[in-house]
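Student:
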Amino acid sequence: MTAPRIAPLDPEHLAPKVRELLDALPDTALRTANITTTLARHPELLAASFPLSTMLLYAGTLPDRDRELVILRTAHLAGSAYIHAQHVRIGHLAGLTPAEIARTAAGPGADDWSAHEAALLTAADELHHHACISEATWQRLAQHYGEQQLIEVSVLAGHYRMWAAALNSFGVTPDPAPPTAEREVSDATG
Numbered sequence: 007m008t009a010p011r012i013a014p015l016d017p018e019h020l021a022p023k024v025r026e027l028l029d030a031l032p033d034t035a036l037r038t039a040n041i042t043t044t045l046a047r048h049p050e051l052l053a054a055s056f057p058l059s060t061m062l063l064y065a066g067t068l069p070d071r072d073r074e075l076v077i078l079r080t081a082h083l084a085g086s087a088y089i090h091a092q093h094v095r096i097g098h099l100a101g102l103t104p105a106e107i108a109r110t111a112a113g114p115g116a117d118d119w120s121a122h123e124a125a126l127l128t129a130a131d132e133l134h135h136h137a138c139i140s141e142a143t144w145q146r147l148a149q150h151y152g153e154q155q156l157i158e159v160s161v162l163a164g165h166y167r168m169w170a171a172a173l174n175s176f177g178v179t180p181d182p183a184p185p186t187a188e189r190e191v192s193d194a195t196g
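Residues 7 to 196, numbered by our numbering, are exactly what the sequence shown covers, in order.
If you want it as structure tokens, here you go:
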């Protein structure tokens with residue numbers, strides 16, 4: 007897909023209701039991001055989606071690094087260039103190395119994952135392919151995570167799978183990388 011099916015709105019032409027909503031976002035870069043300005047065409051959906059997205063990204067119980075492993079693996083499995091590009095940058099900020107970010111594409115069988123990291127990646131795979139974490143993977147996760155974190159792993163993968171399907175269908179293109187992030191993205195993606 008070369009052009010978006012649903013084009014983002016020009017940030018300068020957003021309805022006052024949408025601008026107010028965006029001004030409350032904790033991440034100022036999201037205010038003009040293609041995902042946000044595309045969803046601005048449906049203000050009610052945009053408003054409804056923010057609480058869960060914000061909670062998972064900024065107030066979840068999973069360590070940031072673990073959250074980003076799940077998101078990056080889910081983005082890879084769903085073929086979401088948009089989510090992948092955004093979370094390469096966020097993953098780096100969460101402490102993932104460019105090699106680890108690139109290795110999420112190889113999945114849980116790749117060398118050098120810790121036991122709980124491999125379990126997280128396996129959970130993302132199982133949720134993507136079977137819509138359920140297997141008992142064996144659940145037990146491996148439960149050795150490292152509490153009940154709230156186990157709940158969050160499933161919701162996180164499902165949430166980003168849903169966004170991947172929507173963004174892929176809308177044709178939302180990745181945002182330009184900030185100048186300082188261009189090298190990080192290139193390093194992480196090969």
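Quick reminder that beta carbons are idealized off the backbone N, C-alpha and C, glycines included.
(1) If we require 3 or more residues per run, which beta strand (DSSP E) segments fall completely within the segment 12-77?
(2) Do L83 and H165 have their C-beta atoms within less than 8 Å of each other?
(3) Report the three-state DSSP secondary structure of W144 (helix, strand or coil).
(4) How would you label S192, buried or exposed, when you count the other beta carbons within 10 angstroms and need 16 or more for buried?
(5) Can you grab the Cα-Cα spacing for the pair P22 / P49, in whole Å?
(6) Please state whether DSSP places V191 in a helix, a strand or coil.
(7) In or out: S120 buried (at least 16 other Cβ within 10 Å) or exposed?
(8) Just the C-alpha distance for A108 and L52, rounded to the nearest angstrom, thanks.
(9) State buried or exposed for Y64, treating a residue as buried only when at least 16 other CB atoms are found within 10 Å of its CB.
(10) What distance in whole Å lies between the Cβ atoms of P14 and T60, which are believed to be in contact at a cut-off of 8 Å?
Tutor: Concretely, from the data shown:
(1) none
(2) Sequence index remark: in the sequence shown, residue 83 carries index 77 (1-based). Sequence index remark: in the sequence shown, residue 165 carries index 159 (1-based). No, the Cβ-Cβ distance between L83 and H165 is not below 8 Å.
(3) Locating residue 144 in the sequence shown gives position 138, where the first residue counts as 1. The answer is helix: DSSP assigns W144 an H, G or I state.
(4) Here residue 192 is taken as the residue at index 186 of the sequence shown, counted from 1. Only weak support exists for where S192 lies, its pLDDT of 41 falling under 50; the value from the coordinates is given anyway. By the neighbour-count rule (16 or more Cβ atoms within 10 Å), S192 is not buried but exposed.
(5) Start at 1 with the first residue of the sequence shown, and residue 22 comes out as number 16. Start at 1 with the first residue of the sequence shown, and residue 49 comes out as number 43. Their Cα atoms are separated by approximately 10 Å.
(6) Within the sequence shown, residue 191 is the residue found at index 185, counting from 1. With a pLDDT of only 41 at V191, under the threshold of 50, the placement of this residue in the model should not be trusted, and no figure is reported.
(7) On the sequence shown, residue 120 is found 114 positions in, with the first residue counted as 1. S120 should be labelled exposed.
(8) Sequence index remark: in the sequence shown, residue 108 carries index 102 (1-based). Sequence index remark: in the sequence shown, residue 52 carries index 46 (1-based). A108 and L52: Cα-Cα distance of roughly 31 Å.
(9) Mapped onto the sequence shown, residue 64 falls at position 58. Flag for Y64 reads exposed.
(10) For the purposes of this step, residue 60 is taken as residue 54 along the sequence shown, with counting starting at 1. For the purposes of this step, residue 14 is taken as residue 8 along the sequence shown, with counting starting at 1. In fact, because the Cβ distance is near 20 Å, the residues do not count as touching under 8 Å.
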